[in-house]
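Contents: one structure, followed by commentary.
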Amino acid sequence: MTLLLLLACVPHPASATDTSAPVPTAVGSVLLVGGTVVGLGAADVRIGDGKIVEVGAGLDRVGAVVVDVTGRFLVPSFIDSHVHLAYLPAESEMADGGIAAAVDLAAPIEFLAAPHGSFRVVAAGPMVTAVAGYPTRSWGSGGYGLECVDAAGAVAAVDTLHAAGAEVIKLPITGGDQLDAASLKAAAARAHELGLPVVSHALSDSEAAAAAVAGVDVLAHTPVSTLSAATAAAWKGRAVVTTLGAFGGSSATLGNLITLRNAGATVLYGTDFGNTRDAGIDGHELELMAAAGLTPGEILASGTSAPAAFWGLDDLGAIAVGKAGSLLVLTADPLGDAGVLAEPEQVWLTGVRRR
Ligand SMILES: [Zn+2]
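Printed below as a string of structure tokens:
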């Protein structure tokens, strides 16, 4: 087997982006009073030691730092299911904007060992790709791809990434120099044996179909050319990351998102941050999701409960006892207009107020 590692060139960004600086509130608990927990109703929320420890009406205020959120709406912090933090290191700005976790879908392998403080990162490391395959001869020439010659090499690459700490595997399917179907299938199967979900960059109908045949779990982007009914059906029970803004949000792309949703695919909010530049919750992405036809409730779920369940981020995605004290305080009900999610009045990350 042959496995070529392309690892040089990109300086490691972690030291400049460590978000571990905020210290949990030391004086008792924080009690947010008077607000409406979206999906639950009027309720106070107590956060202690970085976690939600109590949710209910009229909670005891003795010893607590009380924050009055009367008339406000509380939702869980967001999860962005497609980012590139080695390309544009901005964990701290993302956290300030209401993102509690992100799925990094291509970075040099050293990124897998980088600390991120209380900002949670699920990382793929380099894409498993063909010799000279995407993205090693374009934007990702600095170690964003592991080049493999055959199925055995692709399986070895998956093992290498797993050992280095990868929690997801990315297999580009893009035409040009490309792993063959057998190699894609072998890599996906090995990832699944190791408990890792598999994501593909696959933008056309034939590429999305090939990804499904290979056993891929997630489309890294909503495909941009119109999907056939058969391809959409093949994505039932799998997932698609929106990234509508990253490719301009054409009518074909918006239509594909709804086609996939209607076929039974889980929709995950994602921006391709690094290629896009809004470090918070991206209002343009939310607008495009609404324009596609997603309801406000679906948009909210795509950034909270759905990705928490999909990526195994068990302490995120809900405002409930035992979850992280990571939530947003909004000035209006996001089930009326999801756009308010992009402008949180307060942002809490593991019990620390970030905004
Ligand atoms: Zn990307």
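For the sequence shown, the residue numbers in our numbering are 1044 to 1398. Using N, Cα and C, we set each Cβ at its ideal position, and we do this for glycine too.
(request) List the residues that DSSP assigns as beta-bridge partners of Phe1162. (result) In the sequence shown, counting from the first residue as 1, residue 1162 sits at position 119. Phe1162 is not bridged to any residue.
(message) Let me confirm a value: Arg1163 is counted as buried when at least 16 other C-beta atoms fall within 10 Å, else exposed. Which label applies?
(response) For the purposes of this step, residue 1163 is identified with residue 120 of the sequence shown, where counting begins at 1. Answer is buried; the Cβ neighbour count reaches 16.
(message) Considering only DSSP beta bridges, list what Ala1252 is partnered with.
(response) Within the sequence shown, residue 1252 is the residue found at index 209, counting from 1. DSSP lists no partner for Ala1252.
(request) Look at the alpha carbon of Ala991 and the alpha carbon of Ser1293, and state the distance between them as a whole number of angstroms. (result) Only positions 1044 to 1398 of the chain appear in this structure, which leaves residue 991 out of reach.
(request) With hydrogens ignored, establish whether the beta-carbon of Asp1315 is closer than 7 Å to any heavy atom of ligand 1. (result) Against the sequence shown, residue 1315 aligns to sequence position 272. Result yes, Cβ under 7 Å from ligand 1.
(request) Grab me the residues of Gly1099's own chain with a C-beta within less than 7 Å of its C-beta, minus the 5 sequence neighbours each way, in chain order. (result) As a position in the sequence shown, residue 1099 is number 56, starting the count at 1. Excluding positions up to five away in sequence, the list reads Ala1086, Asp1087.
(request) Would you kindly check if the distance between the Cβ of Asp1139 and the Cβ of Gly1313 is under 8 Å? (result) The sequence position of residue 1313 within the sequence shown is 270, counting from 1. The sequence position of residue 1139 within the sequence shown is 96, counting from 1. Cβ atoms of Gly1313 and Asp1139: not closer than 8 Å.
(message) Taking 7 Å as the cut-off, is the C-beta of Ala1138 nearer than that to any heavy atom in ligand 1?
(response) Within the sequence shown, numbered from 1, the residue matching residue 1138 stands at position 95. No, Cβ of Ala1138 sits at least 7 Å from all heavy atoms of ligand 1.
(request) Indicate, with yes or no, if ligand 1 has a heavy atom lying under 7 Å from the CB of Gly1148. (result) For the purposes of this step, residue 1148 is taken as the residue at position 105 of the sequence shown. Checking the sequence shown, residue 1148 turns out to be Leu, not Gly. Because some heavy atom of ligand 1 lies under 7 Å away, the Cβ of Leu1148 counts as near it: yes.
(message) Given this structure, state the Cα-to-Cα distance separating Pro1158 from Val1310, to the nearest angstrom.
(response) On the sequence shown, residue 1158 is found 115 positions in, with the first residue counted as 1. On the sequence shown, residue 1310 is found 267 positions in, with the first residue counted as 1. Rounded to whole angstroms, Pro1158 to Val1310 spans 28 Å at the Cα level.
(request) Work out the CA separation of Val1383 and Val1105 for me, nearest whole Å. (result) Here residue 1105 refers to the residue found at position 62 when the sequence shown is read from its first residue. Here residue 1383 refers to the residue found at position 340 when the sequence shown is read from its first residue. Near 32 Å, if we compare the C-alpha coordinates of Val1383 and Val1105.
(request) Mind checking which residues open and close the alpha helix (DSSP H) that includes Gly1326? (result) Within the sequence shown, the letter at position 283 stands for residue 1326. Per DSSP, Gly1326 belongs to the alpha helix (DSSP H) from 1326 to 1335.
(message) Could you give the first and the last residue of the continuous beta strand (DSSP E) run that contains Lys1094?
(response) On the sequence shown, residue 1094 is found 51 positions in, with the first residue counted as 1. First-last of the beta strand (DSSP E) with Lys1094: 1094 to 1099.
(message) I'd like to confirm something about Ala1263: is its beta-carbon nearer than 7 Å to some heavy atom of ligand 1, or not?
(response) The residue labelled residue 1263 in the question sits at position 220 within the sequence shown. Yes; taking the cut-off as 7 Å, the Cβ of Ala1263 has a heavy atom of ligand 1 nearer than that.
(message) Do Leu1287 and Glu1328 have their beta-carbon atoms positioned less than 8 Å apart in this structure?
(response) As a first step, residue 1328 must be located in the sequence shown, where it is residue number 285. As a first step, residue 1287 must be located in the sequence shown, where it is residue number 244. Yes, the pair counts as a contact, with Cβ atoms nearer than the cut-off.
(request) Return the bridge partner residues of Lys1213 from the DSSP annotation. (result) Residue 1213 sits at position 170 when you count from the first residue of the sequence shown. Note: Lys1213 sits in a beta bridge opposite Val1242.
(request) Can you give me the start and stop residues for the alpha helix (DSSP H) that Arg1104 sits inside? (result) As a working mapping, residue 1104 is identified with position 61 in the sequence shown. Unbroken run through Arg1104: none, as it is neither H nor E.
(message) Shorter than 7 Å, the distance from the beta carbon of Asn1299 to the closest heavy atom of ligand 1, or not?
(response) What you label residue 1299 is simply residue 256 of the sequence shown in a count that begins at 1. Asn1299 Cβ: outside cutoff for every heavy atom of ligand 1.
(message) Given a cut-off of 8 Å on the beta-carbon distance, is the pair Val1110 and Val1073 in contact?
(response) Here the question's residue 1110 lines up with position 67 in the sequence shown. Here the question's residue 1073 lines up with position 30 in the sequence shown. Cβ distance < 8 Å, so Val1110 and Val1073 count as in contact.
(message) For Ala1199 and Gly1238, I'd like the C-alpha separation in whole angstroms.
(response) For the purposes of this step, residue 1199 is taken as residue 156 along the sequence shown, with counting starting at 1. For the purposes of this step, residue 1238 is taken as residue 195 along the sequence shown, with counting starting at 1. Each residue's Cα considered, the two are about 15 Å apart.
(request) Give the single residue among Val1241, Thr1269, Lys1279, Pro1119 whose Cα lies nearest to the Cα of Ala1209. (result) Here residue 1209 refers to the residue found at position 166 of the sequence shown. Nearest option by C-alpha distance: Val1241.
(request) To the nearest angstrom, report how far apart Val1192 and Ala1229 are at their CA atoms. (result) To locate residue 1192, count along the sequence shown from 1; it is residue 149. To locate residue 1229, count along the sequence shown from 1; it is residue 186. Cα to Cα, the separation comes out at about 13 Å.
(message) I'd like the list of long-range same chain contacts for Ala1232, defined as Cβ closer than 7 Å, with 5 residues on each side in sequence excluded.
(response) Within the sequence shown, residue 1232 is the residue found at index 189, counting from 1. Excluding sequence neighbours, Ala1232 sits near Gly1258.
(request) Tell me whether His1235 counts as near ligand 1, meaning its Cβ is closer than 7 Å to at least one heavy atom of that ligand. (result) Counting from one through the sequence shown, the residue named residue 1235 turns up at place 192. No - ligand 1 has no heavy atom lying nearer than 7 Å to the Cβ of His1235.
(request) Please say whether Thr1393 and Ser1161 have beta carbons closer to each other than 8 Å? (result) On the sequence shown, residue 1161 is found 118 positions in, with the first residue counted as 1. On the sequence shown, residue 1393 is found 350 positions in, with the first residue counted as 1. It is a contact, given that the beta carbons lie within the stated cut-off.
(message) Could you pull the DSSP bridge partners for Asp1123 from this structure?
(response) Numbered from its first residue, the sequence shown carries residue 1123 at position 80. Partner(s): Ala1145.
(request) Quick one: which unbroken alpha helix (DSSP H) runs of 4-plus residues sit fully inside the stretch 1314 to 1391? Chain order, please. (result) 1326 to 1335, 1339 to 1346, 1348 to 1354
(request) Give the straight-line distance between the Cα atoms of Ser1271 and Ser1226, rounded to the nearest whole angstrom. (result) The count along the sequence shown starts at 1 and reaches residue 1271 at position 228. The count along the sequence shown starts at 1 and reaches residue 1226 at position 183. Distance between the alpha carbons of Ser1271 and Ser1226 is about 25 Å.
(request) Report the partner residues of Thr1079 according to the DSSP bridge assignment. (result) Position 36 of the sequence shown, counted from the start, is the residue given in the question as residue 1079. According to DSSP, Thr1079 bridges with Ala1085, Phe1116.
(request) Using only alpha-carbon positions, find the residue among Thr1265, Ala1234, Val1261, Val1256 that is nearest to Leu1246. (result) To locate residue 1246, count along the sequence shown from 1; it is residue 203. Ranking the options by Cα distance to Leu1246, first place goes to Thr1265.
(request) Take Val1174 and list the residues in its own chain whose beta-carbon comes closer than 8 Å to its own, dropping the five residues that flank it on each side. (result) Numbered from 1 along the sequence shown, position 131 holds the residue referred to as residue 1174. The residues are Leu1047, Glu1190, Cys1191, Val1192, Asp1220.
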